[in-house]
Amino acid sequence: MVLLYNLRGCQPIKHTKFHGGGRYGEVIFMTLAEKMDFIACYYDANIYINPDIIDICKSRNFKLYDSNSYSIAEVMKQGDYLLYSPLVPFDIINFPSHCKCIVTVHGLRFLETPYDRYMFAYCSPYAIKERIKYLYDRYLTAIGRAKYKRTYEQLFNRENIKYITVSNHSKYSLLSFFPSLVPDSIRMFYSPAMALPVSSSMERFGKYYLMTSGNRWTKNTIRAIIAFDTLFSERPTLEGKVVITGIDCPKLFYKYIKNRTRFILLDYVSYEKLASLYQNAYLFVYPTLNEGFGYPPIEAMQFATPVICSAITSTTEICGDSVLYFNPYSIDEIKNRILMMENPKIREFYVKKGIERYKFIAAEQRQALDDVTEFIISQL
């Protein structure tokens, strides 16, 4: 049996070029490539993919199937394949029962957090399909959740599919929403990651606060923007700028900002640039509304950058006592935590806590990477 790796899970999702599931899929693929002689790969040749992955495939003569020429079901018919997908491709529900699959379910955002009042603010007025979807999520939440749950129930009823998830929170969320599942049917391995490269460069922004994935409503950037902007108006002597990555349409955010010179809105950046931003930031702010694992706080801790973070879904499991938590729906509480981190003693306390937590989670991730790849190989 040959492993067929679904690299579509490592590629952009709509307007999101980089995402946690993609990073997860890249790390697992690269480790499997070190351990295995041959892997067949499925991807979309027309959209971005990490060039390192293509280089590995070409140098190792891995078979590449283009999704523009074949459906994944058609590829499965061409050989004795075990499909692994780092994200759930729901078309596997209709695969014949003899087709073996392993999928990673990162979380249940559509069930846990189907809607937020600021959803529309992240959506371009010209993105008609996306706005219709947001309207559906807003006004037909119960219907949408029921449909999503039925789809997952179909998936979990398939005996030819094995399931992996990335945190205890996600595992027990699955068990909570789907009573027919039993604990042993879901393998939990923490999301593995490669350490970001240490940068020797200094950012030109002076003192700055950092946020990432700004264009995704689930990351809740707008509430944090309002919190910062209010503080800058109320306390003009508060120094520093706010740097936000992952914003491809800055004008969507400007209506929430009075102090525009204090905000630097960047598009998606390379891993090297992201590492430099983490390394030189005064504070990393993570107001997320939903996580299956949550890479960014741990990435910030790698560079001894303190973190304030929402206390929701998996964040408390992953971050432990190493961050200052806040209610992500409370702008006042976000303001409170920003001001707390202006206290040098408090900030230094969380710098030290973060360094300790990073070492612990990084060790867990290294073990998880070996365990999850060995599990996939064992199913061949």
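Going by the working numbering, the sequence shown opens with residue -17, and the numbers climb by one from there.
Backbone N, C-alpha and C define an ideal beta-carbon position, used for all residues, glycine too.
- If the five residues before and after residue 1 are omitted, its C-beta is found closer than 7 Å to the C-beta atoms of -5, all from its own chain and listed in chain order.
- Shortest Cα-Cα distance from residue 166 to any of 306, 147, -15 involves 147.
- Rounded to the nearest angstrom, the gap between the Cα atoms of residue 356 and residue 269 is 34 Å.
- In the structure shown, the three-state DSSP call for residue 177 is coil.
- Pairing residue 61 with residue -16, the inter-Cα distance amounts to about 8 Å.
- Excluding its 5 nearest sequence neighbours in each direction, residue 69 has C-beta neighbours in its own chain below 6 Å: -9, 3, listed in chain order.
- Assigned with DSSP and collapsed to three states, residue 31 falls in coil, not helix or strand.
- Between residue 325 and residue 348, the alpha-carbon positions lie close to 34 Å from each other.
- A distance below 9 Å separates the beta carbons of residue 160 and residue 138.
- As computed with DSSP, residue 292 is found in a beta bridge with 308.
- When the beta-carbon positions are compared, residue 203 and residue 278 stay at least 9 Å from each other.
- For residue 344, the enclosing alpha helix (DSSP H) stretches over residues 326 to 360.
- Judged by DSSP secondary structure, residue 266 falls within the beta strand (DSSP E) whose first and last residues are 265 to 268.
- Between the region 334 to 341 and the region 282 to 294, the count of Cβ pairs shorter than 8 Å is three or higher; the stretches touch.
- The alpha-carbon of residue 163 is positioned some 42 Å away from that of residue 191.
- For residue 130, the closest alpha carbon among the candidates 105, 353, 96 is that of 96.
- Counting C-beta pairs closer than 8 Å gives three or more between the region 42 to 51 and the region 23 to 31, which meets the contact rule.
- DSSP lists no bridge partner for residue 229.
- Cβ-Cβ distances below 6 Å link residue 266 to 192, 282, 287, 289 in the same chain, with the five nearest sequence neighbours on each side left out; the list follows chain order.
- For residue 19, no beta strand (DSSP E) encloses it, and the DSSP letter there is neither H nor E.
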